[in-house]
Every structure is written in C-alpha cells, then in structure tokens.
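Chains as they are written, first to last, in the working numbering: chain R, 971 to 1205; chain U, 22 to 132; chain S, 18 to 515; chain G, 27 to 596; chain E, 62 to 567.
Using N, Cα and C, we set each Cβ at its ideal position, and we do this for glycine too.
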Amino acid sequence: MSRTGKSHKRLDGFQRLLLLLVICMVMLLGYIIWSTPGSKPVLTDAVAQMQEYSGVESPVTAVLLNFRGYDTLLEVMVLLLAVIGTWSLTEAFFPVQGSEISPVQMGAVRLLAPVMCLVAAYLVWQGSHLAGGAFQGGAILGAAGVLVLVTELPGLRTIPVLSLRIGLVLGPLLFTGTALFCLFITGDLLGYPKGAGGWMILLVETGCAVSIGLTLALLFAGGRPDKESIWKNNP
Amino acid sequence: MITTLIYSLTGLILFGMGFFTLIIHSHPLRKILAVNVMSTGVFLILVATAYIPLGEGEIDPVPHAMVLTGIVVSVSVTALALILACRIQETSNSSLPGRKQQGEVPEESIR
Amino acid sequence: MNWGQWLLVSILLSSFIPGIIIFGLPEEKHRLRTVLNICGSIAKIALVLIMDIGVYFGHIFEIRLSIIPGVELLLNGDPLSALFATLSSVLWLLTTVYAVGYLEGSPNRSHFFGYFSLCVTVTIGIALAGNLVTFLLFYEMLTLTTYPLVIHRGTEKSQRAGGNYLIYAFSGGAAFLFAVVSLQTIVGPVDFSAAGFPSSFIESHGAALILIFILLIIGVGVKAALVPLHGWLPQAMVAPAPVSALLHAVAVVKAGAFGIIRIVLDVYGPQNLLLLGVLPLLGGVASITILYGSIRALQQDDLKRRLAFSTISQVSYIALGMSLADQPLAVIGGLVHLVHQGLMKITLFFCAGNLAETLGIHRISEMNGVARRMPFTMAAFSVGALGMIGIPPTVGFVSKWYLGLGGLAAGNWWVVAVLAVSSLLNACYFLPILTRAWFGKQQEPWPEEQYIGRFETRLMLLVPPLITAFIVIAAGVVANAQVSPLAWVRFIVRGYTL
Amino acid sequence: MISAELQAMGHALFLSLVAGTPLLMAAACCTPMKKTVVHFLPLAAVPALVVAMTAPVGLVAEIGWFFMGGRMGLDEIGRIFLCLSGFIWLLASFSSRSMLKHNRNQTQYLFFFLTSMCGNFGLILARGLLGYYLFFALMSFAAYGLIIQKGTEKARKAGRIYLVLVMIGEVALFTALIILVYSTGSLAIDDIAGAVHQPLVFALLFIGFGVKIGALPLHGWMVPAYQEAPIPAAAALAGAMVNAGILGWLRFLPLGLTSYPQGGLFFIAAGALAAVYGVITGLYHKQAGAVLGCSSISQMGLITVIFGLGLVDHEAGLHATPVLILYVVHHSLTKSSLFFGYDLAASRGRILSHLQVSAILLPALALAGLPLTGGAIAKSAFKQLTVTLGEPWYGLSTFFLPITAMGTTMLMLHFICLLRDTEKRGNSERAGSGIIFTVSFIATAITLWLWPAAGFFVSNSLSWTKFWQALWPVAGGCLLFLAWRRFFIREKQTLDDVKKQTIFDIVLFRFGNLLQEKEWQTTQQGRFISYLSGFVPQLRRSEKIMGRWKVVGLSYLLLCLCMLFLLLRL
Amino acid sequence: MTVFQFSSPAWMVCPVILPLIAGLLCFLFSHRTFAIALAAALTNLLVVCLLTGQLLVFGPMRCHMGGWQPPLGITLRTDGPALLMLLMTAVTGLAITLYARGYFSYRISDPRRAGRHQRQQRYFWPLWMLLLAGLNGLFLSNDVFNVYVTLELIGISAASLAALSGKPASLLASFRYLLVSLLGSLTYLFGIVFLYRSNGVLDLGLLQNLAANGLGIRTALVLMSVGLLLKTALFPLHFWLPPAHANALAPVSAILSALVVKGSFYMLFRFWFEIFPSTITQPTLNFMGTLGAVAVLWGAVQAIRQHRLKLMVAYSTVSQLGYLFIAFPLARVDGGIPVWSIVIFIALAHACAKSAMFMAAGTVFLHLGHDRIKDLSGVRASLPITVFAYGIAGVSLMGLPPSGGFVGKWLLLTASLGSSQWWWALVVITGSLLASIYVFRVMSRLFVIPEGFSLKKSEPHFRLLEWPALALALISLFLGLAASWPLHILVHGTTTLAQVFVGGLP
C-alpha cells in the first residue's frame, strides 16, 4: 500500500483494479467521443450575428463580458472568494525570512515590474478586438506582484489593508455596479445601453484586471496581511 | 477532424491519469496537482470542441470563454487548496514538533 | 366555524393552553400552576359534557382540515369519542389533583405538568380523531408527550425504560403508518364510520386487507400492550405514580385499546372482518395476553410491576370484546371495559402511589398490616382490586358479564373459560395483597415514613383514589340507570348495525 | 297510578331494609359512630325477622337501576330461610356484642359481620340472577374477614384456604350464570327454573354452591374456618351462611322442575362420601370448633344426598324439597346452638356445670338424631323420602343413615369431651352467653314441634319403630365412642387442616417458581440497539474504509460505469 | 420604471446580486458587517416572497441576462421548484444569519480567544453572503455552464466556511471537501463538454426541447449526474460529509447541511426530472433508489453509533438525503401529487429541521464546551428552548405527524405502495425508526436533570442562539399542516414538468 512509501514503484492488486477501471472508463469515453463527431454549435452563428451589438470586436470578449457576462461576474466572485478563503485561513508567510536576494534579481524586478504593468494595460485594452482582456492582463499584473513580493520590495507591503481590500473589491464592485446600472437603464442586468457597450466593457475590464492582478499576487502571498498592513515577518 | 480527436483523446487521457493519481496518492500536493491535471484535460477537450465544425479559421468563442472561466476557477481552487494544505501541515507540525522539518502531512489525516 | 367546531377546538385547547403557559412558568409558582391545571381540567370536563349532551341529541361535531389530497385532519365527536373523551377528562382532573399532591416539593414540576397537560390534550385528540390519519397524528404525539413523563425521574433506570418505551412505541407507530398508507391506497381515505369500507374491496384485495389489519393491530397493540408487544409497560413503572396512572388508565394503554376499537368497528367494520375471518386471530392474541399478563403478575413482588402486568391482562379484555365484534353484547363488554378498567386501574395506582409516597412501600412483602396505618387508601385499593377480579357489584363484573354473554352468543365457549381462568388468576395476585394489608401483622417499621399528619396521608393524595373507588362501585351499582357508562355504551352500540 | 307507584316504592324500600340495614350499619362502622353501632348491633337483623314474619308471600319489588336490573321478592322458601337466618344472625349479633366489649379490633369485625349479614339477607330476597350472585359474593368475601379476625398465623391460613375456595366457587358460579343467562335470555331466577340441561352447568353450580356448604372436594375451608373464626361468627357461618349454598341449589336447580338423574347420582355420591368423611376426620381433631366443622361437612353431606335424591326425577324433587328444608332448619338451629354452647364453654372455661354440659349434649345428640329431637324428625323424614322413592334408595338409607347417625353421635360426644377440656378464652366472663345459648337451645328443641309446616313429618316420626330406629344408632354410637376413646385415641393422630398445603400455596409458589421471573424482554434496554452495537467495530471500520480515497475512487468509477451502462443501454 | 413593476422579471436578479453586494461590502468593511448581512438576508426574503407572488399571478417567468435571448445569453427563470428552494434558502438563511450573530457574539464575549473568534466572524459574513448568492444563483439559473460557475462559487465558499474554525480536524475535513467538490465540478464540466459537443447549446430550456436521445447526451447526463451526486453525498460517496459538517462552526454546519447539499441535489433533480426525463430509464431510477435506500439505512445506523452530537446530526443528513433518492424510482407513478414535488418538499422539510438541529447542537456545544452524547445530561435545565427546538426538529426528522417530514414520508409511502413497490416503503419506515433511535438517544440525555445538578445560567446571548433554532423547528413542524401550500406553489404553472410526468414518457 502507499503507506509504505513504495506506492510509486509497484502497484498492489487494488490499485491495479483501479487502474483497470480507469482505463476502461477512459476507453469508453474515448469511444463515445470518437463515435459522436459533434454537431455544429447553434451558438456560433448567434455569436456571429450579434457580434456587432456587443460593443466589442473580439468574439471571446463579447461572449465573456456581454453575452455571458453574468458568468464572468460570478467568476470574478470566485476569485475574490479564494482570497477571502485564504485570508480566513492563515496569515501570510511569504517571503521566508532571512533568505538572501541577489541584487541582480532586485534590479531585474525593478525594471520589469513597470513594464509588466504596461503590458497588462495593453492587454486589457487589446481585449476589445483581439485575444486579451481582463484575465490576461490581470495575470500579468499578478505576475508583477509576485515578483515584487519575492524580492521583498516595499511596494505591496506598504499598502494599507483597507486599500488592499478596496483594490480586491474594486473589480467585482465595478462589475456589479455596471450591471445594476445597466439594469436601471435598460431593464436588463448587464444589458449595456446601445453604443455604450464598448467603454463600459473596458471600464469593467480595467477594474477587473486590477483586482485580478492583486488577487493573484495576494494568493501567492498565502494569507491575510496582519493589522498594520505589513506582512507578518517583515524584517 | 482528426486534430480535434487527438486533442480530445489526449485530454481524456490526462483526465484519467489525473484521476488515478488523485485516488492513489495520499500527499496533498500530489492530489492538488492531480486535480489540476484533470482540469487541464477537461479544458483541452473543451477547447478541441471549439474547432469542430468550422473549417476556415473561425472558431467557436463560447468554449473559449468557458475554458477561461474554468481556468480562473481552477486557479482559485488550487490556491485555496494549497493554502489549506499548508495550514494542515502547520497545525499537524505544531502538534508534533519533532517533524517540523519534514514537511510531510501524516497520511492518515488526509485519507 | 359553528359552535360545535369551536367546542371541539376549545376542548383541545382547554388543556393545551394551560400546558403551554405552565412550561413558561418559573418553578416556584406552584400555586398559579395548580390553579391553571385545575381550572383547565374542570373547563375540559364541562366542555366535554356539553359535547356529550350534544352527541346524545344527535348534533354533529366535525372539523375538517385538508393538508394534502388524501391527508385530512378530521376531528369528530361521535358517541364513541365522547366516551373516551369523558373518561380521559374526568380522570385527568383526578390525576392532576393527585399529581399536585404527589409531587409536592419535588423538582422540575413545571416541566412535568406541562407535558402532563399536553399528554391529555393529545389523548383527547385521539378520542376526537375522525379518521386514521388524525388518529395516527395524535397517536404518535402521545408517544412524544408521554416520554418526558416516563423519564421524569431522570435515573439511569428510567432512561432505559424510556428508551424501551420509545422503541416499542415507534415500531408500533411505524407499522401503523405503513398499514394506514397501504389501506388508503387500496380503499381510499378512511373516515371512521359505522359501516367500515365497502365490502367489495374484500374480494379484490382480501390478502392485503388481512395483512393490513394485522399491521394495524400491531401498531395499536404496542400501546395496548398485547402480548408479544408489551415489554415496555412493566418497565415504564419507574415513572412517578401519577404518570403510571396516566399511562395505564387515561392515556397510553387506553389509546391503544381505543385504537383497536376504532379499527375493528369503524375502519374495517365487523361485517368486513367476519368476511376476512381475522377476528379469531385477535381473540386468540387477546386471550393469550389476558392469561399471560395474569400469570406474570403473579410472580411480581413489586407492587407497581404487578399492577402493570395486571394492566396488560385487563386491557386485553377490550381486545377480546372487539374480537367478537359481531356480537353486540361482547362489543358492549369491550367498550364498557374501556371505562371500567380505567377507573379501577387508576384507583390502584393512586393507592400504590400513596403507599410509596407516604410510607415508602414499594414491595408487596412490605405491606403487612398497612391497612391499619392507611385504612382509606387500602379500602380504595381493595375496591379496585375486587373490581379487577370481577366481584359484583363493582364495574369489573359488569364488563366481564357482557363479555361472557357475548362470547357465548358467538358460540365461543373458550371466551368464558378465559374469563373464568383470568378471574381466578386475578384473585390469586390481588387477594394476597389485600389479606396482607388488612390482616397481616406489621413486622418491621415502614421503609420510610414521610408523612405524619391529621389524615393518613396528604389530602390531595387521599381524595382522588377515594373518588375513583366510589365510582368503581357506584358505576357498577347503577349500571342499569339512565346515566352510566354502560348506558352510554349501549347508546354507542345502537349506532352500529351489528 | 301514583299510589301504585308509591306502593311499589314502599315495597322496594321495605325489602331493601332487610339487606340495607346491615349495610348502612356497616358503612357507619367506617365513621366515628362505630361505638354506637356496637350497641345497636342486634338491630341489624331485626328488619329481616320483621319482613319474614309480616311480609306477604309473593311480594316483589323491582329496582331497575340497581346493578343491571335489581329484583327482590319473598317466596315461601325464602321466608323460611330468612326467618332462620334472621334468628341466627340475631343471636350471633347479641353474642358478638358481648364479645366485642373486650375486643380492640371491633371495627373490622363489625364491618365484616354486618356486610356478610347483608349479603346473606340479600341473597335470600334476590329474585334476579345477578342479585343473587352479588349478595352471595358479598357474603362470601365478607366472611373471610370474620374467619381471619383473630389475626394469628393459623387464622390467616384458614382464611387463605377459604378465600381460594370461595374464589373458585365464584368463578364457577359466574360461568354457570353467564351460560344460564345466555341460554334463557333472562336475568330473573324464575325464568331459569328448569332450564339447566348442560352437564357443565350442573358441574359449575355444584362447585359454585358446593364450596359454601363444604361439599366433598371443596370442603377444605370449613374445618379451619370454624376453628379459627370467633365463635359468634362461626355460629353465623355454620347456621346461616352455609344455607346460602343450599338456597342457591334450590334456586337454580329447583327440585321438581329439574330432573337430572346422573347429576343426582353424583350429588348423592358426593354427599354420602362427605357424610362419612366428616365423621371420620372429625374424630381426629382436638379442637371443638374443628369438630363442629367436620360435623357440618358430614351433615351437609346428608343434605346433599337429599338434594341428589330430589334430582332423580320430577316426582322425587317435589317430595325432596320439604325434607330438604326441614333438614336445613334442623341443622342450622342445632349447629348454631352447639356453637353458642361452645361459646358458653369458652367463656366459662372448665367450670361448666353438669347442667350446662347436658344442655349442650341435647342439641349435640339431636344432630345425631336422638329420638324426640328435631334430628329424629328430620331423619325420619329422610327415610320417608327414600321410602317414597323406592328400592335402591330405601335400601341405601336403611344402611347408610344409621351409620352416619352413629358417627355423628361419636363425633358429638367427642365434641362434648373437648368442650370440657376447653380452656378459658377472653379476659372475663362474658355476660349473656348463657342467655343466648338458652334461647338457641329452646329454639332447637321446640321449633320443629311447633312449626306447622313440619307437622306431617313430626307426626310421622312419632312411632315406636321410628323411635327405636332413631335410638339404636345413637346408643351404638355412644358405645363405640367409649371404645374408641378407650383404645384408639392417640396423641399423634390429630389432624390439623390448617397446616395442610393448599391449592392456593401451590398456585402462588410452585407455579410462580416454575415460571421463574425471566426478564427476557425487558431488562435489556432496546435490544435492537445492543444488537446494533455488536456491529460497532465492523461498522466503524467499514465507515473508515469508505472514506479512503482509493475506495472513494472505486465507488466513483463504479458509479460512473454503472450509470453509463444503465443509461446507454450498452 | 419598468424594472420596479411587480410584473418585472428583473426582480429575479435581486436574490443573486443583493447578497453578492452584501458580501463585497462585508469584506470591505470591518464593522457593521452583521447589519449588512442581515439587511441582505431580509431583503432577500422579501424579494423571494415577491417572486412567489409573481409566480402565483403570472406563472413561471424568465429573465434574460443582458437582454440576450438563449441560446446566446444566460437566462434566469422562476418556477415552482426554484421558488421553493429560494424560499427555503431565504428563510433558513435569515435564521442562520441571526443565529450566527448570536454565536459569534457569544464566543467573542469569551476574552481568552476573542481575537480568533473576531477574525472568524470577520470572514464568516462575506463568505456566507457569497455562498448565499451562489445558492440563489444556482436555483434560478437556467444555463448549464452558469450552474457550473455557481457550483464553484458554492463549493469554494462552503469549503472556506468549513475550514473557518481552524482546528486540524476541520481543516482536514475541509480540504477533503474542497477536493471532492472540485472533482465533482470537474466531472460536471466534463459532462458539459459532451453536452456542448452534441448540441451546441447550454440553455436548459433549449436542451429540454431537443430530441435528447443521442449517445453524447446520455454520457453527458451520466457525468453531470455523477459530479452532482458526489457533491450531494449520496451513499458510497458520502464519506466527506460527516467530518466536514460536524467539525465546522455551528452556523456553518447548519448552512452546509441544510442548504449546500440541496443545491447540487436540486440540479440533479432538474436534469433528471425536467430536462432529460425521457432519457432516463427505469433501471437507472431503480439504481438511484437503491443507493438512496442504502444511504438511509447506512446513515441512520452510523448516526446511532456516534459518540458526538454533531457527528450524529451529520450522519443523519446522510441518511435523510437518501430519502430524496428513494423518490426517484417512484417518479413515474401518477397519482394525486406528482412524485417530483415530493422530492422538493422533503428537501424543504429537511432543510428546516436539520438547520434547527445543528443550531441546537451548536448551542449545546457552546454551553457545555463539548458535545459528547453521554455527558449531555442536564442541558434542559439551562437551555429549555434549545432542547425543545432539538426535539421538534427531531420529530420532523423521524417523520412523525404533523411535521413536514411526516407529510414527505406519507407521500413517499403512498407513492410506493400505490405502485406496489412496497420495499421502498419498508425502507422509509425502517429509516424513520432508526431516526427515532438516534434522535432520542440524545434526547433522553438532554431531558434528564441528574441529581444534584447545579443550574448553569444561560446568558443573554443565548436568546439569539435559541430562538432562530426554535423558529426553524416550528416551521418544519407546521410545514406538515400547511403542506398544501408549498405543494401548490410547486405545481403552480410548471406545466412542462407536470406534462412530462403525466404522459410524456416513452
């Protein structure tokens, strides 16, 4: 059994049985995939038809933030939830105290971080017509945040907790606010008013990108900041 | 056609492997990774479906949006799970001070 | 809602509201609690009497409340329910008075009296139930409301007894539920009516109906303590005496017996049962119970346990009467025993409680000469015991008489034999108690003599058994009068075309 | 109309007084008035005598509400019995009154005394089945209180034996009555006359009333009860209450209307055996009361024989009835006067004068049938009856009657001897016991002579042959007794019925032990739970196993596959 | 504005958006979080009542997100089952909100660990509000993929909530819960893939109208069902539930047991009974019924032998969930009341009763500092209302009349006996018998006041702990008497469901 620590070397009978079953299952599903070639999605045409009303040119963004914007709204909440969850669990423990950081790394990060922010902003803007958008931008931002965290630069650490919270909530709140605003204007949740779709989506995406970036960075930090907005084991 | 099939089957195999790892291995990190592999497999199949019916360059944007959402969800859950695992490790280590350096969660507790 | 419906509701509320208020009362306000209890019970008696009169003159009391299609709550005042309701409400008043005296100074009284009132509410509900679903509702609630009373003492033993009680009661309830639903799926919603369901179903669903009948009887038989299902009753004796009185005479056992009556007379109807041919089964079980209970009672030295086994035996007279459902005389005997057994048994339990509370006597072997110390209590006890044996002119004789006549009319000689043997056995376990108490010589001091006062015990403990003992004799002596349990039962039986 | 109703009410009240007076007085015993009750005790029996003397025959009163239909009435037989019982109860209450002056337990005694009196009177007047049964039961159970009065171990045992037998009798009677009522559909005694056909009912009635008169298999209570009861109570028992059994037979199996030869044979056999048995066992008793009890068994045996003869056919029944009543009257008076004599002896101690001894000897030998006494008249009537009935019975009586007479003589002499040895009971001499005895003695001596209804039998017995026939057994008995006393009596051969194991004990202890208190259903709380808890380790383990990821994976896979198979219909 | 009209379908978004905003605000602010949450819960209840009124007046409604009709956009809709679930969530949620307030303020009043408890409260509110939003979203959703997102929302917040207490046991349980939840979601997503491949639509309404007999659809259904079953903790996959539910904080336990499992079950119910009823075969239904039956018995037996109160209650959930599945094989019985409505009704009754029971258990835990069953004696003296609530909730779980549980069981019995499948009836009856054993095993302890017991005064905070539990228990009790009302809502206007079940099956 795996308890002995040799699990990765040899499989016992039970595990073999499991393996067999998994293989059966995979083969069965594979057969089904193979035998059902798939039909032409109804949606594709619809998306193509409605593209022009969506306010953006990229179909993916249109689906994400307009046609199925409600999904995305909830999804942003999922991300926020992850942060709340981690914060409720533990305090941040990164970075490990006392590890030496080479000056090269410091320098590189100092150089890279603003560039990454720029790239992120570009990606968000680009999202309206090409591949890109809030998530991509947010990911880059998050990476920048991680770099800053790794190098113990004061950037993130000195931000007060309240500001962090605001930053985290900014995107979702903006999104929800926009949705509600649309509800009042057009009677539909996220039903962007005609013509206003483009910039509203951009607004939402920008807010979300900031929040997503912050979220990812804070997830990396692995816990809540303590009260004085300074990481627990700040030297 | 065949491309999508290959993608799909690869995704399926990834799913199966992930699943097998999930149920066989007891280490929390492995489990988290296994789940990630599984989700990757599912995303792969999903992305593959986007190509199916259309010939020239056009893709179905809906699966893409779905995959994007899925990835975000996966990231969130992974993060949460990792931190949970760490926390479990911390608490179990604090109860067993001798094993602090080992970093291994007792298997019994995870099963 | 017309006045009749208000009456039904207020009959239920007259004990429910005091019960709820009592739950909220602090422990110290015993005076207020007593007043509430007594007022509630007097009001209930008055209301029930009004209903009796109404029923006698043919007024229809009925409330229907449909829950879902097929499940309807129906409260109904017919002569049979009036009988049970009157019995319960009268005995409740006495038991309340007794309990107030009995529990004087003991802890958790507001809890006790709260459940006490609820229990009676539920019992009256059983009496008034107009269909099987309503009956089931109150039947299950009865288990719940009596359980806290059974474990009132809080000892390990009482908890075990309570647990056992629950297991039995809930198993019975489960069987009952199963049967009720099955019956409904076959014959549709069943209201209690003199005719029973149409006999056309018997041809199509004979076997199922027999099975359902057995299940129904098992369901109510648990509370009525028919023999294989009686195990909880002797154990429940750990409860305080008023609770035992309540269990045996007013509520639980009676509810079971009443259920048997309802099932036989109103759900199936004697004619259908005759066609199905299941009545001998009931009769057999009842006879076995009668004899078994008596024999077991013989072996007990604990007074209350002996009384408990005696209850097992006596309540089955009712079942015996019902097993001869096509014979009006037997039905009269069974029905009237519902009242009579209640009166006699409550007397006995009051007296046993008096002995325990005043002198600390729990065992029969400690009772030598106790009648000299407590003559009135033992006089009441003797009346109850003689009634149980069936000595005229007590009420016990009246029921036996009608049962025997009914048995003969049905051509079942064994009924008379069972009655005779059971009388003998009853004598065997009651007469020694009496002789001990009256003519025995006190050899050692009473186990714990607690009360020394003007009367032999507290007045509130003394009066209820004397009243019930008086009724035991009086109801027998005036059995033939216009107003007596027997007369009412005859009135009931006239309503059935047997 | 109103006057008729009033009259009916008046009759009802009049008849109710007979049983009601003792009952009311019994109720008064439970109140602080009990001291007064003692003084007026004899008054309780007075209404009975008054009614018996004055009420017209055929007086009937209905009390509809009473106990499923109460019906009272006085017929000829009832009048005789009421008269007899009233007289004996009167004497007994006088005697009791003097006894009670020194007794602390008077309330209890009074209560039971009065209650049994009430029962006795009530059953005589009852014209309904249930009424008869009610008062019969009342009397029987109340008599238990009298028997046990002394409170000694022996008395309690005697009471217990009595109670068991009474209970058996009650149950038998109940069963018999219920069958009778079922088969006739009526609750009135008059309607069931001659309705008894089933052997079962016969047997049940024999048992039900036989207990009261000590018929043979059911005689066990009599000796100890007479021995242990206070003497006035014993007198009432022997003189009045016993008769209730006879009356019962007469009521439910009215002679002349019922004929049942086999049953009659059974009665005769049982009676004859009892007659002999009573005598033989009596000789071994060393207590006067017990000896009287045995004599009662024997005499009642004779009465049973008479009754059995009456059952042979209708004709015989008509003849037997007066004989039976005659014998009953004779026996009651004689036996009660013997008890009062015993009382006298007991209150005086050894110092009985010869006069007194010989005075007691008279009723004693009257019982044996000494010529010119009631006994002789009764026995000649008996013989006359057998003559009427024809051969087998006549032969029997010529053989049987002298033997019982001899035995009774021996028994009575034994009694007298014992009486002389009786130790003084009580603290002081009781006033009036002499007077009471005298009254009863006179009654015994003259009643039959003065009773017009018995005139036929009296005149019948007055002939030399009859005289001789009556005398020789008595004389022979005397001789035999002397011989027996001389040669056979031994100390160890005394019987003490009280110590015998009774059915009651057997039921209580043997039977109970057999069934051993096994709490197989009740001791274990929720056997179901304990049964479940037997599985606890397995359950816990399996639940743990189900939580393992591998097992989870397995079940997940299996679930997937199962559902795939089910849904895809592969 | 049209939006605020009674007839406006836009009210539908409120149950999602309001808790969402409340959650964000709760996270943002550190004070007055309770007030925000309470306001959201109350408004939620009001809106749901309004929606119910809407349903009764106008029948089922649809609300298109962003104004896009399906297949393009996402649709929310109300119908009977959805509204009943919403009502259940709103009522239970309100009670839990109040209870949680009492719970945390009691714990914070203990100075020793005030900090930790304050922190727990701090994060409890946003998590709970987002969970509420997720649940409401799930119940309203009419889109397969949207369901996935809401499931994730629920899963993550539930796992975080389960871990809130921070004890090792709860962390472990929560970790496992998270993984299971993820596995379930992935399986579900896998199912969506098949669904999308076969039909290319995600809207439930459209899926329902398709001739759904293809291999892909069936596979999709299997995968989605298995994923949902995993989250619903049906018998062989229930392993994660008891530790997660039992080790969480009391209000969290109530949420998890009463609401969260119902969410995934509700979707399963929709797929099986509304969307793909014609795809489902009777053997499959029997299979589910069998699993349900085993769950009923297994859960009850395990509950009987637990030594801790909360674990017992958790196992009772396993058992009670089985009842929902027992109704499956009876689905095709046509009678007075369609069986699918029974399922929802049972879920409703169970939600109220179980949350009341967990609340009571939590209060007892707070009061005594432990929940070992054998040491529970004397609680009645100090917490009479809690014990009463426990008892009434127990009555409903046991299925004694007149509780909601009784009516549910009655309907199940009627259906099973009416279709001559008496074995299900036997299981139902046995299950309730076993339930009575485990309920009263505790009850007998709670009721007893041992000799020389010194009364522990209950504190003012307990008012907020005791009354919500009692209220819910009473609701579960009187649900039986008012059963016709929820059943009326259920059937009202859901013609599609009704039609399918009365005659639309192969």
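Note to self: Could you pull the DSSP bridge partners for G/ALA214 from this structure?
What the structure shows: G/GLY154
Next item on the list: For S/SER83, write down the residues that DSSP places opposite it in a beta bridge.
Entry: For S/SER83, which the question treats as bridged, DSSP gives the partners S/GLU89.
Note to self: Would S/VAL494 pass as an interface residue toward chain G - the criterion being a Cβ-Cβ separation below 7 Å?
What the structure shows: Closer than 7 Å: yes.
Margin query: Within 7 Å of any Cβ in chain G, is that where the Cβ of U/ILE66 sits?
Written below: no
Next item on the list: Report yes or no: is there a C-beta of chain R within less than 7 Å of the C-beta of U/GLY37?
Entry: yes
Notebook entry, point to check: Got a sec: is the Cβ-Cβ distance from G/GLU543 to anything in chain R below 7 Å?
Noted result: Unreliable placement is indicated for G/GLU543, whose pLDDT of 40 sits below 50; the coordinate value is still reported in the next sentence. So, not an interface residue.
Next item on the list: Anything in the stretch 24–50 of chain U with a Cβ closer than 9 Å to a Cβ of chain G? List those residues in chain order, please.
Entry: PHE40, PHE41, LEU43, ILE44, ILE45, HIS46 and SER47
Next item on the list: Could you tell me whether the stretch 48–65 of chain U touches the stretch 1143–1159 of chain R, where touching means 3 or more Cβ pairs closer than 8 Å?
Entry: no
Checklist line | CB contact below 7 Å: G/TRP91 versus chain S | finding: yes
Margin query: Please report the distance separating the alpha-carbon of E/CYS110 from that of R/TYR1001.
Written below: So the alpha carbons of these two residues sit roughly 49 Å apart.
Checklist line | Pair within 7 Å by beta-carbon distance, S/ILE363 and S/ALA262 | finding: yes
Check: When burial is assigned at 16 or more other CB atoms within 10 Å of the CB, is S/GLU157 buried or exposed?
Finding: Buried, since its Cβ has 16 or more Cβ neighbours within 10 Å.
Checklist line | Alpha carbon of R/ILE1003 to alpha carbon of E/GLY277, nearest angstrom | finding: 8 Å
Notebook entry, point to check: How many Å lie between S/TRP109 and S/VAL137 at the Cα?
Noted result: 7 Å
Checklist line | S/ILE55 versus S/PHE367: straight-line alpha-carbon distance, rounded | finding: 18 Å
Check: Per the contact definition of three or more C-beta pairs closer than 8 Å, is the stretch 294–307 of chain G in contact with the stretch 173–182 of chain G?
Finding: Judged by Cβ distances under 8 Å, the stretch 173–182 of chain G makes no contact with the stretch 294–307 of chain G, as fewer than three pairs qualify.
Margin query: Using only the alpha-carbon positions, how far apart do G/MET436 and G/CYS504 sit?
Written below: 6 Å
Item checked: Between the CA atoms of R/VAL1030 and R/ALA1104 - distance to the nearest angstrom -> 12 Å
Margin query: Taking 6 Å as the limit between beta carbons, can you name the residues of its chain near S/VAL387, skipping five residues before and five after?
Written below: Apart from the 5 residues on each side of it in sequence, S/VAL387 sits with its Cβ closer than 6 Å to the Cβ of ALA454 in its chain, given in chain order.
Check: S/PHE230 by DSSP, collapsed to three states: which one?
Finding: Helix at S/PHE230.
Next item on the list: Under 8 Å Cβ to Cβ from G/TYR208, same chain only, skipping five residues before and after it: list those, please.
Entry: none
Notebook entry, point to check: Which runs of the alpha helix (DSSP H), 4 residues or longer, sit entirely within the stretch 101–162 of chain S?
Noted result: 126–145
Next item on the list: Output yes or no for whether 7 Å exceeds the beta carbon distance between S/ASN289 and S/SER216.
Entry: yes
Next item on the list: Tell whether a beta-carbon distance below 7 Å holds between R/THR1121 and R/ILE1071.
Entry: yes
Next item on the list: Look at G/GLY96 and G/GLY157 and say whether their C-beta atoms are less than 7 Å apart.
Entry: yes
Next item on the list: Starting from the C-beta of S/GLY423, find all residues in its chain whose C-beta is less than 6 Å away, skip the five residues before and the five after it, and write them out in chain order.
Entry: LEU341, GLN344, LEU346, ALA347 and GLY350
Item checked: Option in E/ILE403, E/ILE78, E/ARG183 and E/GLY120 with minimal Cα separation from E/GLY195 -> Ranking E/ILE403, E/ILE78, E/ARG183 and E/GLY120 by Cα distance to E/GLY195 puts E/ILE78 first.
Note to self: Just verifying my parser: in three-state terms, what is the DSSP assignment at S/GLY512?
What the structure shows: coil
Notebook entry, point to check: Given G/GLN253, which residues of its chain have a CB within under 6 Å of its CB, disregarding the five upstream and five downstream residues?
Noted result: GLN313, GLY315 and ALA316
Notebook entry, point to check: Shorter than 7 Å from the beta carbon of U/ILE104 to some beta carbon of chain R?
Noted result: yes
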